[in-house]
Each structure stands twice: as C-alpha cells, then as structure tokens.
Amino acid sequence: MIWNEVISLSLLQMSLSGGIFIMAIVFIRSVTINRLPKKTFLVLWELVLLRLLIPVSVPSRFSLYTILPKALQTKTPALMPVISHESFETAPKDLAFHPAQPVPIWIIIWCIGMIFCFVFFAILYLRCRIEFLTSCPIQDTYAIQWLREHPLKRPLAIRESDRISTPLTYGVLRPVILMPHQTDWKDISRLQYILLHEFVHIRRFDTVVKLIMTGALCLHWFNPMVWAMYILMNRDLELSCDESVIQHFGESSKPVYARILIDMK
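If you're matching positions, the sequence shown starts at 100 in our numbering and goes up one per residue.
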C-alpha cells in the first residue's frame, strides 16, 4: 500500500508540475508567437516532456506536498519503518503479518485509461502503416534528382498514394516522403517547397518526437493540459518546418509558400 501511495504521489507531482509548466508556455506562446523563432517553443515543449516522463524533482518552495493534507504527508516518508526485535516478538500473531491490501480504485482507472490510449494510438498507427505499404514508388526524373541533391545517412524514398490528400512523412530508420497520387510532378516551383518541408521533418527526427509525445499523453491522459500540449506541440512542429523552408528560400518566398499551404488545405 505504501508503494502505491509513493507511485501515485510521484505521478501526480510530475503531472501537476508539468501542467503548470504547460500553462506558462501557453501564455508565453500566445504573447510571443510572432516574435520568437518557432524552435524556441519546441525546446520548451521538450523540457515539458522530460518533466512528464522522468521522475526527477527539482528543489522548490512549491511542490505537490504543500497542498496535500498533513495526514497523507506523514505516510509517505515512512518507507522503511524501524521495528525492534523485542516489539516483533511481543506483537500478537494476528498483527505480525498483514494481508495485502487492495489496489486503490483510481489506480485501476488510471491503468485502464493508459492501456486504452496506447491501444487506440497503436491501432491508428497500424492502420496508417498498412495503408502506407500500398503506396507506389515514384519514378519521376525530378524526384530522383531531388533525392540525389538531398543526401541523408538513412535511406530516403519518395512514394505516392491515392489514400492521402496532403504530403506526409513516416518511418525512422527508412523514412519515406509520401505524396498524393494527384501530385503534378511538372510543377517544380511548387514541389521544391513541399519536399523540403517534409525533408526537414525527417532530418529532425520529428517522428520520434511525436512517438515520445504520444507516450507522455498516454501516461498523463487524465491531465487536460497534456492534451493541450499534444495539440500545440504538433502545430509548432509544422510551424518550425515552415520557418526553415522560408529561411532556406528567403523572405521573398513567403507569399508563394503561403499560397501553397492554403491550396493543400
């Protein structure tokens, strides 16, 4: 029972401090979204992920224990109670050994919710993966040339599918840029923006970041601020890639790139 309390308090403290951190970032983001580089927000979100996933406490005057009842606080330090030899011998037999107490109901609910989230995202990933495997490789001359001009240590491929309407990437060790089947491969002025955007995702390992982010969401599914982080961090990943594309092509490319993004929606 003691270990259940310790685990639950550690999880609640991680979730509470992470939620406060998220609220601070949401406020900073709303005020400085057009002033700071988008990478800045990604770094802040990554710090939140570390707080949500790694049980490391930072010394502070404010903690979860300051808002807990005193009766509950006195239970947590007693992880190793000191029992003398005499007291154990003189203790009644019915008190010497206690039967295992049942797991609290809220821990059971948390486990069910976590498993449900993991299963939901796993099924969603497998369905998308099966659809992606039906895609066809691109034999276009420009696509082959573009791959040569953008070398990567991992094998990179460009494929197309009739089951998607917007470009996307998937895979970590063998990444793939997946394009819609109706893509006009003769419109090079448009393709160079789209392919570079997806290439930035692959080069930054955004797929791995999204997996870690999903894991944190499944672990803290009961915290609405973590859901807000999941939505906003996904959005900031896209905005950061857009920012990199504009930096590559120059500020004069903003109107053209903006029209391309609007056409893809």
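For each residue, glycine too, the CB sits at the ideal point set by N, CA and C. If you're wondering where the values come from, they're calculated on a predicted model, not measured in any experiment.
- Distances from the alpha-carbon of W326 to those of V125, I237, I359 and T306 put V125 closest.
- By the Cβ criterion, the segment 233-242 is in contact with the segment 276-289, since at least three pairs of Cβ atoms, one from each stretch, lie closer than 8 Å.
- For the pair R128 and F140, the CB atoms are nearer than the 8 Å cut-off.
- If you look at R358, you'll find it in the alpha helix (DSSP H) that goes K353 to M363.
- Proximity to S260 across Y269, L143 and K252 peaks at Y269, based on C-alpha coordinates.
- The beta carbons of L295 and V344 sit about 5 Å from each other, so the pair counts as a contact at 8 Å.
- Per the Cβ contact rule, the segment 211-218 is not in contact with the segment 240-252 (fewer than 3 Cβ pairs under 8 Å).
- Remark: C-beta atoms of T282 and M363 do not approach each other more closely than 8 Å.
- DSSP links E259 through a beta bridge to C235 and M278.
- K137 and E350 do not touch by the CB rule: their CB atoms are close to 15 Å apart, not below 8 Å.
- For the pair I311 and L110, the CB atoms are not nearer than the 8 Å cut-off.
- Here M122 is exposed, its C-beta having fewer than 16 other C-beta atoms within 10 Å.
- Where T139 is concerned, the enclosing alpha helix (DSSP H) starts and stops at K137 to L152.
- Rounded to whole angstroms, I207 and W144 show a C-alpha spacing of 29 Å.
- Per DSSP, T268 is one residue of the beta strand (DSSP E) stretching across L267 to Y269.
- The beta carbon of M328 is closer than 7 Å to those of I121, W144 and V147 in its chain, skipping five residues each way along the sequence.
- Per DSSP, the continuous alpha helix (DSSP H) segment holding K309 begins and ends at D305 to L318.
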